[in-house]
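Protein chains in written order, with this note's numbering: chain S, 1 to 228; chain E, 229 to 397.
In this text, a Cβ means the ideal position worked out from N, Cα and C, and glycines have one as well.
Notes to accompany the following structure.
Structure representation (structure tokens):
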């Protein structure tokens, strides 16, 4: 069978499928309005919700910081939690901006690479959030506790802070895509956080690289530049 | 471009929608869902369409991008639009060809289904007889790369058809 015959066969296949498209203005408007709403249920909605909740959380933390402003350890702890939360929210915001910049009219390799890249960044936001853990061990430490807590307080507080620091650093370093395939506990911990789509995205990024590198030369630009 | 002009362009190029949805989705509901999604994305991107360029090339880019994303998400549930009653966006009437051709078409379709998302896009564009230059532009790879990949894909397809023919004979 020659190459041309495949194309002839495809034409026959095309003729076999006698589709009819029932698209009129009413249906088009229905598609426009309903799809516009449904898009918000996806990644964008999750990020907007995350930023909304994060903002509320930040306001509460600022209020809490203001209430305890005469307690330096508490203020520092609350400040650190605010900072980590702000970094995680910035990551969410960045993902939202990236989603907004994606154009399906760009070439397939570039667009798919951007989409898969966004899914991969979900993991980064998750890792950052764990860095606030040690500050939850110090957020209740008042001036009075420091001055009058005695050996018992320090015997509890110091190991607690050390354990939380070690745990936060350990989780930050180990919650990676590579480990999710190697360590069961990582896979369990990140299940339900979009891990499956992240995993597929990583696999797809590898496929895109394979697909692109065959010729060994540069790609065509994202927007059409040649005359058609 | 107003809605009426947009509708006309979609109707004129509806074959692209059908062939892509058939190649990326196995069941009818998913196909209709994908066609809806492609039409929506085409409409959303219509403002950026340069009328000096070929509509079909622009449409292929969007349709294939949507199809690949849709395929990878394994269809999100609850997003299909119901138009009420028995009204569907897409009506399918399968009219079989002669048995020999039918068998070959099935083998070709089976082969397309076995390809990964990107090779599938490449294969569809080749079968649609798009010039290498257009294929390279739509996919975002070089013409040399297109030629290399197509030669490999065609070689594998020929091999598969020969093997299957031997099995059937």
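Cα-Cα separation between residue i and residue j, rounded to whole angstroms
i                     : j                     : result
residue 268 (chain E) : residue 117 (chain S) : 23 Å
residue 30 (chain S)  : residue 186 (chain S) : 43 Å
residue 108 (chain S) : residue 169 (chain S) : 38 Å
residue 228 (chain S) : residue 243 (chain E) : Low confidence applies to residue 228 (chain S): its pLDDT is 24, below 50, so where it sits in the model is not reliable, and the reading given next is rough at best. Distance between the alpha carbons of residue 228 (chain S) and residue 243 (chain E): 20 Å.
residue 305 (chain E) : residue 261 (chain E) : Per-residue confidence for residue 305 (chain E) stands at a pLDDT of 45, beneath the threshold of 50, marking its modelled position as unreliable; the derived number appears in the next sentence. In a straight line, the C-alpha of residue 305 (chain E) is about 10 Å away from that of residue 261 (chain E).
residue 172 (chain S) : residue 369 (chain E) : 37 Å
residue 266 (chain E) : residue 245 (chain E) : 8 Å
residue 66 (chain S)  : residue 288 (chain E) : 57 Å
residue 93 (chain S)  : residue 87 (chain S)  : 10 Å
residue 12 (chain S)  : residue 125 (chain S) : 50 Å
residue 354 (chain E) : residue 254 (chain E) : 21 Å
residue 91 (chain S)  : residue 360 (chain E) : 39 Å
residue 149 (chain S) : residue 127 (chain S) : 34 Å
residue 130 (chain S) : residue 165 (chain S) : 10 Å
residue 340 (chain E) : residue 206 (chain S) : 21 Å
residue 146 (chain S) : residue 54 (chain S)  : 31 Å
residue 240 (chain E) : residue 48 (chain S)  : 38 Å
residue 167 (chain S) : residue 153 (chain S) : 21 Å
residue 162 (chain S) : residue 208 (chain S) : 43 Å
residue 28 (chain S)  : residue 236 (chain E) : 12 Å
residue 379 (chain E) : residue 56 (chain S)  : 57 Å
residue 390 (chain E) : residue 342 (chain E) : 17 Å
residue 75 (chain S)  : residue 158 (chain S) : 18 Å
residue 303 (chain E) : residue 68 (chain S)  : Reliability fails at residue 303 (chain E), whose pLDDT of 46 lies under 50, so the model's placement of it is uncertain and the value that follows must be treated cautiously. Computed Cα separation, rounded: 50 Å.
residue 332 (chain E) : residue 106 (chain S) : 34 Å
residue 336 (chain E) : residue 4 (chain S)   : 13 Å
residue 52 (chain S)  : residue 181 (chain S) : 32 Å
Contact under 9 Å by Cβ, residue i with residue j
i                     : j                     : result
residue 89 (chain S)  : residue 46 (chain S)  : no
residue 21 (chain S)  : residue 238 (chain E) : yes
residue 381 (chain E) : residue 112 (chain S) : no
residue 347 (chain E) : residue 377 (chain E) : yes
residue 364 (chain E) : residue 371 (chain E) : yes
residue 179 (chain S) : residue 70 (chain S)  : no
Close beta carbons around residue i, own chain, < 7 Å, minus the five adjacent residues each side
i                     : result
residue 24 (chain S)  : none
residue 273 (chain E) : 290
residue 286 (chain E) : 277
residue 115 (chain S) : 102
residue 63 (chain S)  : none
Proximal residues to residue i (C-beta, below 6 Å), its chain only, five neighbours per side dropped
i                     : result
residue 349 (chain E) : 292
residue 73 (chain S)  : 138 and 141
residue 8 (chain S)   : none
residue 80 (chain S)  : 135
residue 383 (chain E) : none
residue 229 (chain E) : 274
CA nearest to the CA of residue i, picked from the options
i                     : options                       : result
residue 388 (chain E) : E:259, E:334 and E:326        : E:334
residue 26 (chain S)  : E:391, E:390 and E:231        : E:231
residue 60 (chain S)  : S:85, S:48, S:110 and S:70    : S:85
residue 78 (chain S)  : S:148, S:133 and S:181        : S:133
residue 264 (chain E) : E:249, E:283 and E:380        : E:249
residue 104 (chain S) : E:252, E:275 and E:259        : E:275
residue 283 (chain E) : E:252, E:383 and E:234        : E:234
residue 326 (chain E) : S:158, S:15 and S:208         : S:15
residue 122 (chain S) : S:55, S:177 and S:52          : S:177
residue 6 (chain S)   : E:279, E:375, E:352 and E:240 : E:352
residue 10 (chain S)  : E:236, E:241, E:247 and E:240 : E:247
Spatial neighbours of residue i in its chain, beta-carbon cut-off 8 Å, leaving aside the 5 residues before and after
i                     : result
residue 44 (chain S)  : 96 and 99
residue 299 (chain E) : 252, 253 and 345
residue 58 (chain S)  : 82, 85, 86 and 89
residue 174 (chain S) : 183 and 186
residue 160 (chain S) : 137
residue 375 (chain E) : 360
Exposure of residue i, with buried meaning 16 or more beta-carbon neighbours within 10 Å
i                     : result
residue 373 (chain E) : buried
residue 33 (chain S)  : exposed
residue 155 (chain S) : exposed
residue 270 (chain E) : buried
residue 338 (chain E) : exposed
residue 204 (chain S) : buried
residue 294 (chain E) : buried
residue 279 (chain E) : exposed
residue 362 (chain E) : buried
residue 405 (chain E) : Nothing about residue 405 (chain E) can be read from this structure; chain E reaches only from 229 to 397.
9 Å Cβ cutoff, residue i in contact with chain A
i                     : result
residue 329 (chain E) : Looking at the structure shown, chain A is missing, and the protein chains on hand are S and E.
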